[in-house]
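*Asks:* Residues in the sequence shown are numbered consecutively from 52, following the working numbering.
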Amino acid sequence: MREGETEIEMVRRHVRDGAAVVARQQELVGRLLANGRATQAAEQMLAQFEGAQGQHQEHLDRLEAAQLGRF
Numbered sequence: 052m053r054e055g056e057t058e059i060e061m062v063r064r065h066v067r068d069g070a071a072v073v074a075r076q077q078e079l080v081g082r083l084l085a086n087g088r089a090t091q092a093a094e095q096m097l098a099q100f101e102g103a104q105g106q107h108q109e110h111l112d113r114l115e116a117a118q119l120g121r122f
């Protein structure tokens, strides 16, 4: 956590940063496909990034629900 950052702010940053990582990896896979290159490793990394992104989003959803008193 960065100095002065709350937990929910940190998780929001992780979700935002993770979305950028997923988008870049998706672009990479697309470029590899367009150039007839192997994509297996890039697609495996994309799946890992998407899994982590899902975990970040679930964490954020729980924190936001708790903040609203729904958890």
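No residue lacks a Cβ here, since even glycine has one placed at the ideal position from N, Cα and C.
1. Mind checking which residues open and close the alpha helix (DSSP H) that includes G69?
2. Looking at L79 and A92, is the spacing between their C-beta atoms short of 8 Å?
3. Under 8 Å, do A103 and G55 count as touching if we go by C-beta distance?
4. Helix, strand or coil: which one does DSSP assign to G120?
*Replies:* Looking at the coordinates:
1. Numbered from its first residue, the sequence shown carries residue 69 at position 18. E58 to A85 is the span of the alpha helix (DSSP H), which, as asked, contains G69.
2. By one-based count along the sequence shown, residue 92 stands at place 41. By one-based count along the sequence shown, residue 79 stands at place 28. No; because the gap between Cβ atoms is not below 8 Å, this pair is not in contact.
3. Translated into positions along the sequence shown, residue 103 becomes position 52. Translated into positions along the sequence shown, residue 55 becomes position 4. Against a cut-off of 8 Å, the Cβ pair of G55 and A103 comes out as no contact.
4. For the purposes of this step, residue 120 is taken as residue 69 along the sequence shown, with counting starting at 1. G120 falls in the coil class under three-state DSSP.
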